[in-house]
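Student: Here it is, the structure in full.
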Amino acid sequence: MPQLVGYGVYLPRYRIAVSEIHAAWGRSGGGRGGRGEKAVVPPDEDPLTLGVKAARAALAQAGVEGRHLSAVLAASTSTGYAEGALAAPLAYHLGAEGDVFVGDFGLSSRSVTAAMRAAMDALASGQGKHAFALAVAAERLIAEPGSSYELSYSGGAGALLLASQGGFAEVVGFASHTSGFVGRSRREGRSHGLVDERFMMQQFLAHVQGSVERLLKAIEIPPEEFAHVVVQAPEGRWAVRALKKLGLPAEKLVSTFPQLGYAGCASLLIDLARALDQAAPGELLLVVSYGPGGSDALALRVTKSPPKADVEAQLQRKELVSYPVYLRYQGLLGEERR
Amino acid sequence: MTTPEIWRIARENARLVGYRCTSCGWVAFPERKRVCKRCRAPADFEEIELKPYGRVLAYVVQHRLPKGFETPLPVAVVELADGLRVYGHLVECAPEDVRVGLEVEADLRVMYEEEGARVYSYKFRPREREREGS
Ligand SMILES: [Zn+2]
């Protein structure tokens with residue numbers, strides 16, 4: 007089974023308090039209750055710059071050089087390109103070129119686990135002369151001002167380095183639950199339409215339960231044996247509901263939602279990094295993705311004490327910005343909107 | 082789209098690759114040279130991976146710039162650890178916090194957009210230990 011040999015994150019320095027967004031719109035602060043913060047990506051960063059930095063952190067942690075990568079798989083829903091690769095230039099920035107398999111994944115936040123799966127499959131295929139595969143997820147999500155998405159949409163990046171051997175954790179199972187349900191969607195360059203959030207959450211729960219049940223049945227491990235759980239959810243409370251539905255205590259959930267908000271594909275790898283920072287040898291981790299089209303679930307077993315990415319320190323390194331500065335950073339002020 | 086001008090130095094730019102004169106140590110960046118500026122003679126150059134940090138040697142704060150730039154914008158001459166001097170924007174740093182000697186690190190950023198594609202290069206930001214000290 008493929009093993010984890012390194013992981014890294016890159017979190018933007020800038021944050022905005024959710025209460026600041028509510029105040030800008032003259033609201034008392036329902037929904038997220040006016041609590042928490044979200045990450046703000048400055049205008050000169052995009053999924054490539056964010057992804058390169060997370061990937062470099064993962065490589066440095068493992069002591070692996072970019073030229074030793076045989077596969078680079080990237081996931082993002084916010085590159086802004088209709089055509090224009092992310093994985094290949096990302097690999098190139100890391101020093102990986104030539105005999106390197108690359109793949110771009112997007113259109114659904116769930117695609118982060120597709121990128122991870124492709125990294126594992128690349129290793130299993132035995133192609134390429136090097137033994138390392140990298141999965142990267144990076145986002146710079148932009149929400150319509152005044153919308154409910156504005157309270158959570160953020161950005162950042164995470165990266166996971168895999169190899170066939172020599173890691174600190176192994177992938178012990180992977181399962182999918184796919185349906186025709188799309189959920190959140192939007193046209194290119196447009197904002198999300200209005201949706202029935204309650205219905206959306208019910209579908210989320212059903213899909214997450216579908217992939218997790220299939221996984222647990224396949225690996226014959228009961229849910230209570232998992233020490234840490236990561237659930238990719240566009241709303242923090244959805245993840246809490248998912249654990250309840252799976253019969254697990256909320257304390258097992260590892261999430262950066264209160265500090266960073268929702269960073270699409272990247273959220274899963276950032277939360278996984280935070281979980282690995284806390285994990286001890288022998289512990290099991292449950293990692294669940296969700297996005298348009300369904301959910302994937304992975305089980306990881308920690309075999310050795312993992313190296314640290316110190317996500318906590320990056321969460322602390324921050325600078326709060328005002329709502330006008332936030333709008334400017336999102337490219338939502340002035341004529342140069344992007 | 083990647084234009085020929087951008088592609089020519091893409092590798093040096095993306096990975097901070099420089100060329101060091103084997104006789105005196107002067108570093109050429111981003112273009113490989115045949116003649117060393119310090120030896121003032123033809124020289125052999127070896128490829129090196131530049132250390133991505135250095136110190137501010139001099140700076141100005143720009144207030145009047147064309148559309149597309151954030152102002153006030155601190156711009157600095159940075160001496161990298163390998164001895165070469167480069168020119169770059171400072172980010173994540175208020176103009177009043179810039180000073181000569183400030184320790185900075187190279188940070189990959191979008192520089193501008195051209196023909197529908199983003200062009201990337203390095204800017205500089207204060208190293209983390211500088212922030213802890215302040
Ligand atoms: Zn010389």
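In order, the protein sequences belong to chains A and B. Just so you know, our numbering puts 257 at position 251 of the first sequence, and the rest follows in order with no gaps. Just so you know, our numbering puts 82 at position 1 of the second sequence, and the rest follows in order with no gaps. Backbone N, C-alpha and C define an ideal beta-carbon position, used for all residues, glycine too.
Using three-state DSSP, classify A:Met7 as helix, strand or coil.
Tutor: On the first sequence, position 1 is the one that residue 7 of chain A refers to. Note: A:Met7 maps to coil in three-state DSSP.
Student: Closer than 9 angstroms by beta-carbon distance: list the chain B residues that pair up with A:Tyr329, in chain order.
Tutor: Residue mapping note: residue 329 of chain A aligns to position 323 of the first sequence, counting from 1. Under the 9 angstroms cutoff, chain B gives no residues; its nearest Cβ is about 17 angstroms from A:Tyr329.
Student: Using the beta-carbon of each residue, which ones in chain B are nearer than 7 angstroms to A:Tyr98?
Tutor: Numbered from 1 along the first sequence, position 92 holds the residue referred to as residue 98 of chain A. Ala95, listed in chain order.
Student: Check the DSSP bridge columns for B:Cys117 and list the partner residues they point to.
Tutor: Here residue 117 of chain B refers to the residue found at position 36 when the second sequence is read from its first residue. Answer is B:Ala122.
Student: List the residues that DSSP assigns as beta-bridge partners of B:Ile129.
Tutor: Here residue 129 of chain B corresponds to residue number 48 of the second sequence, with the count starting at 1. Per DSSP, B:Gly99.
Student: Quick check on B:Phe110: buried or exposed, where buried means 16 or more other Cβ atoms within 10 Å of its Cβ?
Tutor: One-based indexing of the second sequence puts residue 110 of chain B at position 29. Burial call: buried.
Student: Does at least one heavy atom of ligand 1 sit under 7 angstroms from the Cβ of B:Ala109?
Tutor: Position 28 of the second sequence, counted from the start, is the residue given in the question as residue 109 of chain B. False, no ligand heavy atom lies under 7 angstroms from that Cβ.
Student: Using a C-beta to C-beta distance shorter than 9 angstroms, which residues of chain B count as neighbours of A:Leu54?
Tutor: To locate residue 54 of chain A, count along the first sequence from 1; it is residue 48. Result: Leu189, Val191, Arg199 and Tyr201.
Student: Of all the beta strand (DSSP E) runs that stay within the bounds of the segment 181–223 of chain A, which reach a length of 3 or more residues?
Tutor: Counting only runs of 3 or more, we get nothing.
Student: From A:Ser217, A:Gly172, A:Ala144 and A:Glu176, pick the residue whose C-alpha is nearest to that of A:Ala163; which is it?
Tutor: What you label residue 163 of chain A is simply residue 157 of the first sequence in a count that begins at 1. It is A:Ala144.
Student: Where B:Ala187 and A:Arg247 are concerned, what is the direct C-alpha to C-alpha distance, given to the nearest angstrom?
Tutor: Here residue 187 of chain B corresponds to residue number 106 of the second sequence, with the count starting at 1. Here residue 247 of chain A corresponds to residue number 241 of the first sequence, with the count starting at 1. The straight-line gap from Cα to Cα measures roughly 42 angstroms.
Student: Measure the C-alpha to C-alpha separation of B:Ser215 and B:Leu183 and round it to an integer number of angstroms.
Tutor: Counting from 1 along the second sequence, the entry for residue 215 of chain B is found at position 134. Counting from 1 along the second sequence, the entry for residue 183 of chain B is found at position 102. Reliability fails at B:Ser215, whose pLDDT of 46 lies under 50, so the model's placement of it is uncertain and the value that follows must be treated cautiously. Taking the straight line from one Cα to the other gives about 11 angstroms.
Student: May I ask you to check if the CB of B:Val174 is nearer than 7 angstroms to at least one heavy atom of ligand 1?
Tutor: For the purposes of this step, residue 174 of chain B is identified with residue 93 of the second sequence, where counting begins at 1. A small correction: the amino acid at residue 174 of chain B is Cys; Val does not occupy that position in the sequence shown. Flag unset: Cβ of B:Cys174 not near ligand 1.
Student: When you compare each of B:Pro85, B:Ser104 and B:Lys114 to B:Val98 by their alpha carbons, which one comes out closest?
Tutor: Counting from one through the second sequence, the residue named residue 98 of chain B turns up at place 17. It is B:Lys114.
Student: Taking B:Glu173 as the query, report the chain A residues whose CB atoms sit under 7 angstroms from its CB, ordered along the chain.
Tutor: As a working mapping, residue 173 of chain B is identified with position 92 in the second sequence. By Cβ distance, chain A contributes Arg19.
Student: Answer yes or no: do A:Val236 and A:Val294 have a C-beta to C-beta separation smaller than 8 angstroms?
Tutor: Working through the first sequence from its first residue, we reach residue 236 of chain A at position 230. Working through the first sequence from its first residue, we reach residue 294 of chain A at position 288. Against a cut-off of 8 angstroms, the Cβ pair of A:Val294 and A:Val236 comes out as a contact.
Student: With DSSP as the reference, label B:Ser215 as helix, strand or coil.
Tutor: Position 134 of the second sequence, counted from the start, is the residue given in the question as residue 215 of chain B. Because B:Ser215 carries a pLDDT of 46, less than 50, the predicted location of this residue cannot be relied on, and the following value inherits that uncertainty. Here B:Ser215 sits in coil by DSSP.
Student: Can you pull the DSSP bridge partners for A:Tyr232?
Tutor: In the first sequence, counting from the first residue as 1, residue 232 of chain A sits at position 226. Residue identity differs from the one stated: residue 232 of chain A is Phe in this sequence, not Tyr. Paired residues: A:Leu290.
Student: Taking 7 angstroms as the limit between beta carbons, can you name the residues of its chain near A:Ala345, skipping five residues before and five after?
Tutor: The requested residue 345 of chain A does not occur in the structure, where chain A is confined to residues 7 to 344.
Student: Is it the case that the segment 105–116 of chain A contacts the segment 74–94 of chain A, given that we only count it when at least three CB pairs across the two stretches are under 8 angstroms?
Tutor: Judged by Cβ distances under 8 angstroms, the segment 74–94 of chain A makes contact with the segment 105–116 of chain A, as three or more pairs qualify.
Student: State the DSSP-derived secondary structure class of B:Val179, mapped to helix, strand or coil.
Tutor: The residue labelled residue 179 of chain B in the question sits at position 98 within the second sequence. In the structure shown, B:Val179 sits in coil (DSSP, three-state: anything other than H, G, I, E or B).
Student: On a CA-only basis, which of A:Gly112, A:Tyr20 and A:Arg334 is nearest A:Pro53? Give me that one, please.
Tutor: Residue numbering aside, residue 53 of chain A sits at position 47 when the first sequence is read from its first letter. When each option's Cα is compared against that of A:Pro53, the closest is A:Gly112.
Student: Tell me which residues of the segment 43–69 of chain A have at least one Cβ-Cβ distance to chain B shorter than 7 angstroms, keeping chain order.
Tutor: Going along the segment 43–69 of chain A in chain order, one finds Asp50, Glu51, Asp52, Leu54, Thr55, Val58 and Lys59 with a Cβ nearer than 7 angstroms to chain B.
Student: Closest to A:Leu266 by CA distance: which of A:Tyr296, A:Leu333, A:His198 and A:Tyr159 is it?
Tutor: As a first step, residue 266 of chain A must be located in the first sequence, where it is residue number 260. Comparing Cα positions, the closest option is A:Tyr159.
Student: With 8 angstroms as the threshold, decide whether the Cβ of B:Glu196 is near any Cβ in chain A.
Tutor: One-based indexing of the second sequence puts residue 196 of chain B at position 115. By this cut-off, B:Glu196 is not an interface position.
Student: My understanding is that A:Glu318 touches A:Asp283, with C-beta atoms under 8 angstroms, so please give their C-beta distance in whole angstroms.
Tutor: Against the first sequence, residue 318 of chain A aligns to sequence position 312. Against the first sequence, residue 283 of chain A aligns to sequence position 277. Confirmed, Cβ separation roughly 7 angstroms.
Student: Is any heavy atom of ligand 1 found at a distance shorter than 7 angstroms from the C-beta of B:Arg119?
Tutor: Here residue 119 of chain B corresponds to residue number 38 of the second sequence, with the count starting at 1. Result yes, Cβ under 7 angstroms from ligand 1.
Student: Would DSSP call A:Tyr87 helix, strand or coil?
Tutor: For the purposes of this step, residue 87 of chain A is taken as the residue at position 81 of the first sequence. Looking at A:Tyr87 - three-state DSSP - the assignment turns out to be coil, as it is neither helix nor strand.
Student: With a 10 Å radius around its C-beta and 16 neighbouring C-beta atoms as the bar for buried, classify B:Thr152 as buried or exposed.
Tutor: On the second sequence, position 71 is the one that residue 152 of chain B refers to. Looking at its Cβ environment, which holds fewer than 16 other Cβ atoms inside 10 Å, B:Thr152 is exposed.
Student: Taking contact to mean at least 3 C-beta pairs separated by less than 8 angstroms, is the segment 299–306 of chain A in contact with the segment 248–255 of chain A?
Tutor: With the cut-off at 8 angstroms, the segment 299–306 of chain A and the segment 248–255 of chain A do not touch.
Student: Check the C-beta distance from A:Ser182 over to A:Ser131 and give it rounded, since I have them as a contact under 8 angstroms.
Tutor: Here residue 182 of chain A corresponds to residue number 176 of the first sequence, with the count starting at 1. Here residue 131 of chain A corresponds to residue number 125 of the first sequence, with the count starting at 1. With 8 angstroms as the limit, A:Ser182 and A:Ser131 do not qualify as a contact, their Cβ atoms being about 19 angstroms apart.
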